[in-house]
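Enquirer:
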Amino acid sequence: MCLGNISTIAFTALMTACLAFSLATTFYPASRIINQASDLVDDCSKNPSDPSCDQLQYILKADVIPFGCAIASIFKVLEYKQFSDKTNVCKDSWSQFSKDAQRLYACVAIAMIGALIGVIAGIITCVLFSCCACLRMIPMILLTGLGLIITVSLITYTITYAEYKSTMFSEIHDQLFPSWDVDSIRHVQSLTLAFGAIATVAAGLATVSAFLGIFTSLPCCC
């Protein structure tokens with residue numbers, strides 16, 4: 001077996017880790033914040049005309065919940081087997097995010113989609129080029145390019161989140177959930193930032209593995 005295939009396996013494993021931690025940066029903070037609003041979700045789902053639905057709309061459109069309306073809608077379908085016009089606010093939620101929040105969530109969305117493609121492409125490359133093959137260089141070049149895109153997206157996400165963290169803290173504590181423990185909020189934010197940093201490192205190492213795979217595939221051409 002060519003050493004290039006080892007690089008492909010390493011790329012796939014690292015990209016899987018990148019995908020997992022990228023998902024964590026989105027679903028972990030969203031689930032913790034939405035959990036704080038679980039009573040509102042419950043009341044609004046049972047009675048769409050309840051005044052609490054207006055407050056729920058405000059929370060789901062807040063900058064601090066990544067794709068909050070989509071996640072809440074999924075929760076409603078799984079829990080109550082129904083949609084509600086009052087809680088299904090995804091239609092215009094993106095335009096109501098601030099520019100920083102849009103950049104933040106666009107970057108992590110690109111990273112998640114790219115990482116998923118990377119995992120699938122890595123598995124396909126491992127299977128099709130398990131034997132020594134000069135053609136392996138072509139997918140390795142493509143995987144390197146994909147890895148660079150994901151890495152840049154995650155670097156942008158991590159830097160933006162670090163800069164925007166204090167603003168999001170103020171929104172969570174001062175506007176949305178004043179009773180939520182301060183240390184708990186900071187813990188959620190610290191873990192989210194850590195997940196983003198780990199995903200960035202994993203994407204970077206995956207890119208290096210794919211790049212090395214180009215050169216380790218050269219002996220296969222001889």
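Residue 193 in the working numbering sits at position 193 of the sequence shown, and the numbers go up by one each step. For every residue, glycine included, the Cβ atom is placed at its ideal position computed from N, Cα and C.
What residue range is occupied by the uninterrupted alpha helix (DSSP H) comprising residue 181?
Expert: No alpha helix (DSSP H) contains residue 181, which DSSP labels as neither H nor E.
Enquirer: To the nearest angstrom, how far is the alpha carbon of residue 44 from that of residue 103?
Expert: Distance between the alpha carbons of residue 44 and residue 103 is about 30 angstroms.
Enquirer: Short of 6 angstroms in beta carbon distance, which residues of its chain neighbour residue 211, apart from the five on each side in sequence? Order them along the chain.
Expert: Counting only Cβ-Cβ distances below 6 angstroms, and skipping sequence neighbours, we find 144.
Enquirer: Once DSSP output is grouped into helix, strand and coil, what is the label at residue 217?
Expert: Residue 217: coil per DSSP, three-state reduction.
Enquirer: Can you grab the Cα-Cα spacing for the pair residue 184 / residue 20, in whole Å?
Expert: One C-alpha to the other measures close to 23 angstroms.
Enquirer: So residue 24 and residue 195 are supposed to be a Cβ contact under 8 angstroms. How far apart are they, rounded?
Expert: That belief holds up - the Cβ atoms of residue 24 and residue 195 are roughly 4 angstroms apart, short of 8 angstroms.
Enquirer: Going by DSSP, what residue range makes up the alpha helix (DSSP H) through residue 163?
Expert: Note, residue 163: alpha helix (DSSP H), 137–170.
Enquirer: Quick check on the DSSP output: the alpha helix (DSSP H) that includes residue 111 runs from which residue to which?
Expert: It spans 99–128 - the alpha helix (DSSP H) in which residue 111 sits, taken as one unbroken run.
Enquirer: Helix, strand or coil for residue 208, going by three-state DSSP, please let me know.
Expert: Correct three-state label for residue 208: helix.
Enquirer: By the 10 Å Cβ neighbour count, where 16 or more other Cβ atoms means buried, how is residue 175 classified, buried or exposed?
Expert: It counts as exposed.
Enquirer: Let me know the secondary structure DSSP gives residue 62 once reduced to three states.
Expert: Coil.
Enquirer: Between the beta-carbon of residue 190 and the beta-carbon of residue 112, is there less than 8 angstroms?
Expert: It is not a contact, given that the beta carbons lie outside the stated cut-off.
Enquirer: Looking at C-alpha atoms only, which residue of 177, 65, 140 and 155 is the closest neighbour of residue 126?
Expert: It is 140.
Enquirer: Taking the alpha-carbon positions, what's the residue 98 to residue 136 distance?
Expert: The straight-line gap from Cα to Cα measures roughly 43 angstroms.
Enquirer: Do residue 175 and the ligand NAD come close, with the Cβ less than 7 angstroms from some heavy atom?
Expert: Here there are no bound small molecules, and the ligand NAD is not part of this structure.
Enquirer: Is residue 138 closer than 8 angstroms to residue 115 when the C-beta atoms are compared?
Expert: Contact flag unset, no.
Enquirer: For the candidate residues 35, 55, 101 and 28, whose alpha-carbon lies nearest to that of residue 64?
Expert: The residue with the shortest Cα to Cα distance from residue 64 is 101.
Enquirer: Taking the straight line between their C-alpha atoms, what separation do you get for residue 177 and residue 57?
Expert: Going from the Cα of residue 177 to the Cα of residue 57 covers about 14 angstroms.
Enquirer: Report the rounded CA-to-CA distance for residue 86 versus residue 170, giving the unit in angstroms.
Expert: Only weak support is given to the placement of residue 86: the predicted model assigns it a pLDDT of 43, under 50, and the value that follows is read from those uncertain coordinates. Computed Cα separation, rounded: 26 angstroms.
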